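Okay, structure first, notes after.
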Amino acid sequence: IASHQVLTRRLNAIETLGQTTVLCVDKTGTLTQNRMALAALAVDGQLLDTGRLPGGELPEAYHELLEYAVLASEIEPHDPMEQAFHHYARTYLADTEHLHPAWALAREYELSPALLAMSHLWQQDGDADDVVASKGAPEAIAELCHLPEAARTRLIADATRLADRGLRVLGIAKARHSPQREWPSLQHDFDFELLGLVGFADPLRPEVPAAIRECQQAGIRVLMITGDHPHTARAIARQAGIASRGTLTGSELAALGNDAANLGRQLAGINVFARVTPQQKLAIVNALKASGEVVAMTGDGVNDAPALKAAHIGIAMGKRGTDVAREAASLVLLDDNFTAIVTAIRLGRRIFANLRQSM
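The working numbering runs 271 ahead of the 1-based position in the sequence shown.
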């Protein structure tokens with residue numbers, strides 16, 4: 272198993288691995304390549320395909336959107352989406368007034384389960400107003416901007432159009448804040464203005480559809496769990512060959528309650544989950560276990576640790592996973608490749624069969 276880039280941290284997991292009936296996997300980086308390419312920009316309902324820029328130049332109408340996308344990102348990013356923002360800004364905004372290397376990042380407002388958006392507050396030189404840039408889920412940005420119903424509906428429709436293409440969609444907003452006033456403790460206290468949407472293409476790994484077919488032929492149900500837009504999740508699931516009688520969102524999951532046995536019955540036939548928080552991953556694992564399933568679960572973040580520990584087999588990502596996730600897991604994927612999981616299960620079944628025959 273190690274020769275297939277799967278590190279076994281707990282030997283008894285091999286015995287359980289061969290009995291897996293449900294495999295819960297992340298979308299980004301596990302089923303997809305985690306190579307974010309900026310594919311589309313949308314401002315005032317006008318959609319621009321970045322692969323077909325007129326004259327090879329980014330139209331002026333989209334400069335501010337890209338400017339604030341960069342301001343809402345880390346200065347030296349590690350996240351592939353933020354790296355894409357910086358790359359496009361260096362390419363198309365060089366020698367313009369839209370890049371601000373002299374500005375100082377004064378405060379960061381973090382993403383939270385209650386609000387799927389993050390903001391950066393920047394200080395300019397002199398007495399000029401502080402600038403706030405925000406990026407996040409389109410519905411969270413609509414909430415921050417306090418959009419009227421008609422504008423909110425248009426924004427969600429535009430986001431859905433992009434998500435139907437399998438793109439990962441973010442909203443971008445801006446605000447100003449007087450340096451004479453105290454910084455608010457909440458993002459909601461800024462007067463945000465919507466700038467537009469950005470869509471990222473994260474291609475499916477070419478080997479994934481065949482690996483998922485192999486799982487299904489072996490009687491293993493594959494569930495895709497993601498924090499992305501439901502339409503993005505459906506599009507990627509369709510490409511991967513994951514059939515589902517519907518897509519369950521985090522808010523719908525919360526409405527079903529905390530009874531694991533009841534939740535397990537509700538999950539029957541649903542294999543695609545979107546806008547799911549790490550805490551809800553744990554609820555899904557417990558519901559599947561209550562239904563008598565043997566559950567393998569992938570994860571990479573600190574908040575994924577409870578779900579990884581609760582699953583019969585927790586599988587952590589070796590490249591992009593945190594130390595906490597790896598400590599909680601039974602297996603570690605050294606190259607974050609989904610096909611390695613399928614290979615490990617196949618080998619686990621063989622090992623289990625050999626053990627049983629020997630006994």
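Where is the CB? At the ideal position from N, CA and C, for every residue including glycine. The structure presented is a predicted model; accordingly, all values stated were derived computationally and were not measured.
Per DSSP, residue 473 lies in no alpha helix (DSSP H) segment and is marked neither H nor E.
Residue 525 and residue 366 have their C-alpha atoms some 48 angstroms from each other. Excluding sequence positions up to five before and after residue 380, its CB lies within less than 7 angstroms of the CB of 389, 390, 458, all in the same chain and listed in chain order. Residue 476 sits close to residue 304, with the two beta carbons spaced by under 7 angstroms. Residue 337 is positioned such that its CB atom lies no closer than 7 angstroms to that of residue 313.
Annotation for residue 415: 388, 405, 444, 458, 459, 463 place their beta carbon closer than 7 angstroms to its own, counting only its chain and skipping 5 residues before and after.
Under the three-state reduction of DSSP output, residue 329 falls in the coil class, being neither helix nor strand.
Residue environment analysis places residue 630 among the exposed positions, since fewer than 16 neighbouring C-beta atoms fall within 10 angstroms of its C-beta.
At least 7 angstroms separates the beta-carbon of residue 403 from that of residue 434. Relative to residue 493, the option among 543, 409, 532, 473 whose CA is nearest is 543.
Assigned with DSSP and collapsed to three states, residue 439 falls in strand. With fewer than 16 other Cβ atoms from the protein chains shown falling within 10 Å of its own Cβ, residue 306 counts as exposed. Secondary structure at residue 570: strand, using DSSP grouped into helix, strand and coil.
Linking residue 549 to residue 575 through their CA atoms gives a straight-line distance of about 5 angstroms. Between residue 334 and residue 369, the C-beta gap is smaller than 7 angstroms, which places the two residues in contact. When only Cα atoms are considered, residue 582 and residue 474 end up about 28 angstroms apart.
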